[in-house]
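Protein chains in written order, with this note's numbering: chain A, 1 to 237; chain B, 1001 to 1207.
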Amino acid sequence: MRFIDETLREKLAAEYVLGTMSARARRRFEFHLRSNPQLRRAVAHWEARLSPLTEALPAIEPPARVWHAIKVRLRLGQTGRAGFWENLSFWRVSSFASGLMALALVVFIAVPRPEAPVETGRMVVVMNDLATRKPAMTASWEPGQSGGRLLRIRVIGHAEMGPNTAWELWMLPGGDQKPVSLGLITTHETQVVKIPAALAARLDAATGLAMSVEPGGGSPTGLPTGPVLYAGECIKT
Amino acid sequence: MQPGCLTFTGKKAKIAVNLPETPASEQLSDLLARCALRDQRAFATLYQFSSAKLFAVAVRITRRRDWAEEVLQEAFVNIWNHAAGYNSAKSAPMTWMTAIVRNRALDWLRKPREVEIDEEHEELMASIPDESPGPEELLRRSLEAGELAECMKTLTEDQQRSITLAFFYGLSHGELAEQMRKPLGTVKTWIRRGLDRLKGCLDELGR
Chain A
1 MRFIDETLRE KLAAEYVLGT MSARARRRFE FHLRSNPQLR RAVAHWEARL
51 SPLTEALPAI EPPARVWHAI KVRLRLGQTG RAGFWENLSF WRVSSFASGL
101 MALALVVFIA VPRPEAPVET GRMVVVMNDL ATRKPAMTAS WEPGQSGGRL
151 LRIRVIGHAE MGPNTAWELW MLPGGDQKPV SLGLITTHET QVVKIPAALA
201 ARLDAATGLA MSVEPGGGSP TGLPTGPVLY AGECIKT
Chain B
1001 MQPGCLTFTG KKAKIAVNLP ETPASEQLSD LLARCALRDQ RAFATLYQFS
1051 SAKLFAVAVR ITRRRDWAEE VLQEAFVNIW NHAAGYNSAK SAPMTWMTAI
1101 VRNRALDWLR KPREVEIDEE HEELMASIPD ESPGPEELLR RSLEAGELAE
1151 CMKTLTEDQQ RSITLAFFYG LSHGELAEQM RKPLGTVKTW IRRGLDRLKG
1201 CLDELGR
């Protein structure tokens, strides 16, 4: 839909946000929306322009069953970590093959040298691509030592980074604590990230890791600002 | 008050007493960022903070509590699943979430369904506690201050009315024409010219 001029783009975006389009027109418009960033910008502008209208609506408390239904649908709150894990629908992928693959991955990371016996006590994170829900990156380290940590990172498959962007790795301390940056990483298949001693204990206790796309040089705010591409939970092997 | 300190009780009164009226945009952005990182507690807090406001939007458009509940549920599933796509530099968190609710509600209204609007519908409508004012009153209230107010005033009465009816009730062009008892072409023109003028005016004011 590159051929549409600004006038038409504005008109369509306005009508879409206002809500006057028929079901068919909405579907067609949303189809174009996916591939047309200018159109998305026009829509965001109109949403911002008209949003003051909803501010005067008196709030209505929804019944508790709505929240329960949401939790059930998203499988939230199933005893902490398990819920998180299930939500990433990793172990629960119905196909046996992907289960095997997941297992193979964990074993692979837990065993740096094939001839060594299976090490236990290592921390392992398999981060899923949140869009495809497939494993995209793994990280592992040895917890409990004095000094810093060496985070071994493995990027699975082919990944591309846009120009003037950076990949930033975050640890999620759990609870209400904000994510903590572990620094920028690259798209290289294997890499090692040094974690300073000051963060070591928190890393060992982290509930998960995540990777977000940030402007070049990393997040300007100290918190993730861009889309989070990969996330996964820390497990102790 | 830290949002995370609150526990979700599901009790209306308690929430009404404990929660700040409008949590700061920054706070909501932060919660969304944490949702993107799959933080369930952040999601629960986000729901506590925003669900009543968003439910009002859903009720207003679907005009049926049961449909509005479905819409709100859909919307929060979307919010959780797409939290990673939220960009605080591009839109305010409430605007982003409201757009999701509005879009789900509009989809819901446009969905061909077996149950047509009937007496049952009217009955359910009546069950909505309608302390909520009509679109004109809402427009007046929301416009007491701000740039949109200034700009809305530059529209003709028909343009204002058709735009607010469409926005608050999710009426299509055809439905608007029926509601306002005017030819389709006339209503379309009101909307188009009204929106054009709004945009021109807001752009001039730097929005």
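Backbone N, C-alpha and C fix where the C-beta goes; we use that ideal spot for every residue, glycine too.
Residues bridged to residue i [DSSP beta-bridge criterion]
i	result
Y230(A)	D129(A) and M211(A)
A166(A)	E214(A)
K1188(B)	Looking at the DSSP assignment, K1188(B) forms no beta bridge with any residue, so it has no partner.
L151(A)	V193(A)
R1050(B)	First, the amino acid is wrong: residue 1050(B) is Ser here, not Arg. Bridge partners of S1050(B): none, in fact.
T138(A)	V126(A) and R154(A)
K236(A)	M123(A)
M161(A)	M161(A) pairs with nothing; no bridge assigned.
M171(A)	V180(A) and L209(A)
With 16 other Cβ atoms within 10 Å as the buried cut-off, status of residue i
i	result
F1076(B)	buried
R27(A)	exposed
T132(A)	exposed
E47(A)	buried
G157(A)	exposed
N164(A)	exposed
H45(A)	buried
S51(A)	buried
N128(A)	buried
R65(A)	exposed
E1131(B)	Note that E1131(B) scores 46 on pLDDT, short of 50, meaning its location in the model is unreliable; the coordinates nonetheless yield the value given after this. Per the 10 Å Cβ criterion, exposed.
P1020(B)	With a pLDDT of only 42 at P1020(B), under 50, the local geometry of the prediction cannot be trusted, and no value is derived from it.
Q1160(B)	buried
G232(A)	buried
L283(A)	No statement about residue 283(A) is possible, as the shown extent of chain A runs from 1 to 237 and does not include it.
P1183(B)	exposed
S1025(B)	exposed
L1032(B)	buried
G208(A)	buried
A1089(B)	exposed
K1111(B)	exposed
E189(A)	exposed
M137(A)	buried
R1065(B)	buried
Contacts of residue i in chain B (Cβ-Cβ under 9 Å)
i	result
P163(A)	By Cβ distance, chain B contributes nothing, its closest Cβ being about 18 Å from P163(A), past 9 Å.
E10(A)	L1195, D1196 and K1199
W170(A)	L1037
P227(A)	A1036, A1084, G1085, Y1086 and N1087
R26(A)	N1103, L1106, D1107 and R1110
L201(A)	Here residue 201(A) turns out to be Ala, not Leu, going by the sequence shown. Those within 9 Å of A201(A) in chain B number zero; the least Cβ separation is about 20 Å.
L76(A)	Q1040, F1043, A1044 and W1080
Partners in chain A for residue i, counting only beta-carbon separations shorter than 9 Å
i	result
W1190(B)	Under the 9 Å cutoff, chain A gives no residues; its nearest Cβ is about 11 Å from W1190(B).
R1104(B)	Those within 9 Å of R1104(B) in chain A number zero; the least Cβ separation is about 12 Å.
A1099(B)	V17, V43, A44, E47 and S51
A1033(B)	K178, P179, S212, L223, P224, T225 and V228
R1063(B)	What R1063(B) touches in chain A: nothing, since even the nearest Cβ is about 12 Å away.
Integer Cβ distance of residue i from residue j, believed to fall under 8 Å
i	j	result
L206(A)	P173(A)	For the sequence presented, residue 206(A) should be read as Ala rather than Leu. Rounded, the Cβ-Cβ distance is 6 Å, consistent with contact.
R237(A)	R49(A)	Note on residue identity: the sequence assigns Thr, not Arg, to residue 237(A). Actually they are not in contact, since the Cβ atoms of T237(A) and R49(A) sit about 53 Å apart, beyond 8 Å.
L53(A)	V43(A)	Wrong, their Cβ atoms sit about 16 Å apart, outside the cutoff.
V155(A)	A139(A)	No, V155(A) and A139(A) are not in contact; Cβ-Cβ is about 10 Å, not under 8 Å.
A230(A)	A200(A)	Checking the sequence, you will find Tyr at residue 230(A) rather than Ala. Rounded, the Cβ-Cβ distance is 22 Å, inconsistent with contact.
F1043(B)	L1028(B)	Their Cβ separation, rounded to whole angstroms, is 12 Å, which puts F1043(B) and L1028(B) out of contact at 8 Å.
V1056(B)	A59(A)	The sequence shown places Ala at residue 1056(B), not Val. Yes, they are in contact, since the Cβ atoms of A1056(B) and A59(A) sit about 5 Å apart, within 8 Å.
I1163(B)	G1194(B)	5 Å
Contact set between residue i and chain B, taken where Cβ atoms lie within less than 7 Å
i	result
I70(A)	Q1073, F1076 and V1077
R133(A)	Correct list: empty, because the minimum Cβ distance to chain B is about 10 Å.
V66(A)	E1069, L1072 and Q1073
L130(A)	A1084
T54(A)	V1057 and T1098
A231(A)	L1037 and R1038
Residues that residue i contacts on chain B, provided the C-beta gap is smaller than 8 Å
i	result
R73(A)	Q1073 and V1077
A23(A)	D1107, R1110, K1111 and P1112
A198(A)	What A198(A) touches in chain B: nothing, since even the nearest Cβ is about 21 Å away.
A14(A)	L1195 and K1199
G208(A)	L1037 and R1038
Minimum Cβ-Cβ distance from residue i to chain E less than 9 Å
i	result
S1051(B)	Looking at the structure shown, chain E is missing, and the protein chains on hand are A and B.
Beta-carbon neighbours of residue i, restricted to chain A and to distances below 7 Å
i	result
T1095(B)	E47, A48 and S51
R1161(B)	None at all; the shortest Cβ gap to chain A is about 13 Å.
I1185(B)	Reading off the sequence shown, one finds Gly at residue 1185(B), where the question assumed Ile. Residues of chain A passing the Cβ test: none, with the nearest at roughly 14 Å.
K1090(B)	A44
G1170(B)	G19
L1202(B)	R49
Residue i: contacting residues in chain A (beta-carbon distance under 8 Å)
i	result
A1166(B)	L18, G19 and T20
G1146(B)	P52
At least 3 beta-carbon pairs within less than 8 Å: the segment 1067 to 1074 of chain B vs the segment 1099 to 1107 of chain B: yes
Under 8 Å, with one C-beta from each stretch per pair, do the segment 1088 to 1099 of chain B and the segment 1058 to 1065 of chain B reach the 3-pair mark? no
How about the segment 28 to 45 of chain A and the segment 1021 to 1041 of chain B: do they share at least three Cβ pairs that are nearer than 8 Å? no
So, do the segment 185 to 195 of chain A and the segment 144 to 153 of chain A have three or more beta carbon pairs nearer to each other than 8 Å? yes
Counting Cβ pairs, one atom from each stretch, are 3 or more of them under 8 Å apart for the segment 1077 to 1087 of chain B and the segment 213 to 221 of chain A? no
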